[in-house]
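Take a look at the structure below.
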Amino acid sequence: SQQGEEDPQALSIQEGENATMNCSYKTSINNLQWYRQNSGRGLVHLILIRSNEREKHSGRLRVTLDTSKKSSSLLITASRAADTASYFCATEYNFNKFYFGSGTKLNVKP
Amino acid sequence: DTAVSQTPKYLVTQMGNDKSIKCEQNLGHDTMYWYKQDSKKFLKIMFSYNNKELIINETVPNRFSPKSPDKAHLNLHINSLELGDSAVYFCASSQVKTQYFGPGTRLLVL
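In order, the protein sequences belong to chains A and B. Quick note: to get our numbering, add 695 to the position in the first sequence (first position is 1). Quick note: to get our numbering, add 423 to the position in the second sequence (first position is 1).
See below:
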């Protein structure tokens, strides 16, 4: 299958700590995106990294992409209770065809 | 104003029935999608329309029939509902790469 796979499946940390989630995929991609899903809600776009980029930042988010290892990581620094959500990576192989995994469920304890 | 809206939010129905889910976006996007999220949170693309034209059909049973009356609407009709159709169905739209998701329709087939 072509979908990205997030790792770990679940992560529990204390507020203020950093959270790192990983995504692995199988074949060459055009770009990779990270989305957040709060419980019972739709997904919200966080950040996009193109295949020719290695690192991208947005506020407390840092995304890396290693195309040789076919993997990406999402780092959330100084986590807050409001960051509690599931995080998904989405890979685009063909035009407008996106594949998601089953997400990493992050719990940030106050 | 809600960017991507879906109706209904909840749908409980008997096996064998036919049901429809509606989606509307007011973002002016050309591309719309239907995704299915199963109980393990795995999100899978079903269909994609670009300017009312079907461009992606991900080997979904032909009991599922999408219809796009105009580029702001993408509806999903499901015939002869089965137990395995129980899931959360998300509509999304995009103009470039970022997808905007609706709140989801929780379908339970009894």
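A virtual CB, placed ideally from N, CA and C, is assigned to each residue, including glycine. Fair warning: this is a prediction, and the values are worked out from it, not measured in the lab.
Length of the line joining the Cα atoms of A/Thr-759 and A/Arg-731: Translated into the one-based positions of the first sequence, residue 759 of chain A becomes position 64. Translated into the one-based positions of the first sequence, residue 731 of chain A becomes position 36. If I take the Cα positions, the gap works out to 17 Å.
C-alpha gap between A/Phe-793 and B/Leu-533, whole angstroms: Translated into the one-based positions of the first sequence, residue 793 of chain A becomes position 98. Translated into the one-based positions of the second sequence, residue 533 of chain B becomes position 110. Each residue's alpha carbon lies about 31 Å from the other.
Option in B/Val-511, B/His-500, B/Thr-521, B/Tyr-458 with minimal Cα separation from B/His-452: By one-based count along the second sequence, residue 452 of chain B stands at place 29. Selected option, being the one with the closest Cα: B/Thr-521.
Residues, ordered as in the chain, of the segment 785-799 of chain A that lie near chain B by beta-carbon distance below 9 Å: Ala-785, Glu-787, Asn-789, Phe-790, Asn-791, Lys-792, Phe-793, Tyr-794, Phe-795, Gly-796, Ser-797, Gly-798
Pairwise C-alpha distance: B/Leu-466 and B/Lys-459: Position 36 of the second sequence holds residue 459 of chain B. Position 43 of the second sequence holds residue 466 of chain B. Distance between the alpha carbons of B/Lys-459 and B/Leu-466: 6 Å.
Which of helix, strand or coil DSSP assigns to B/Asp-441: Taking the first residue of the second sequence as 1, we reach residue 441 of chain B at position 18. If DSSP states are grouped into helix, strand and coil, B/Asp-441 belongs with coil.
Limits of the beta strand (DSSP E) - the one that B/Val-519 falls within: Position 96 of the second sequence holds residue 519 of chain B. Premise fails: B/Val-519 is in no beta strand (DSSP E) and is neither H nor E.
Own chain, CB closer than 7 Å to A/Arg-775, minus 5 neighbours either side, in chain order: By one-based count along the first sequence, residue 775 of chain A stands at place 80. Closer than 7 Å at the Cβ level, and outside the excluded window around A/Arg-775, lie Glu-710, Val-803.
Contacting residues, own chain, Cβ-Cβ under 6 Å from A/Thr-786 (five flanking each side not counted): Sequence index remark: in the first sequence, residue 786 of chain A carries index 91 (1-based). Only Gly-699, Tyr-720, Ile-724, Leu-727, Tyr-794 meet the Cβ criterion.
Selection from B/Leu-497, B/Met-469, B/Asp-508 that minimises the alpha carbon distance to B/Lys-475: Position 52 of the second sequence, counting from 1, holds the residue named residue 475 of chain B. Comparing Cα positions, the closest option is B/Leu-497.
contact_flag[the segment 761-770 of chain A, the segment 431-444 of chain B] where n(CB pairs < 8 Å) is 3 or more: no
Residue-chain proximity (A/His-752, chain B), Cβ-Cβ < 8 Å: The count along the first sequence starts at 1 and reaches residue 752 of chain A at position 57. Not one chain B Cβ lies under 8 Å of A/His-752.
Run of the beta strand (DSSP E) containing A/Ile-708, from where it starts to where it stops: Along the first sequence, read from residue 1 onward, the residue named residue 708 of chain A stands at position 13. That run of the beta strand (DSSP E) goes 705-709.
Where B/Leu-477 falls, given that 16 or more other Cβ within 10 Å makes a residue buried: Against the second sequence, residue 477 of chain B aligns to sequence position 54. Flag for B/Leu-477 reads exposed.
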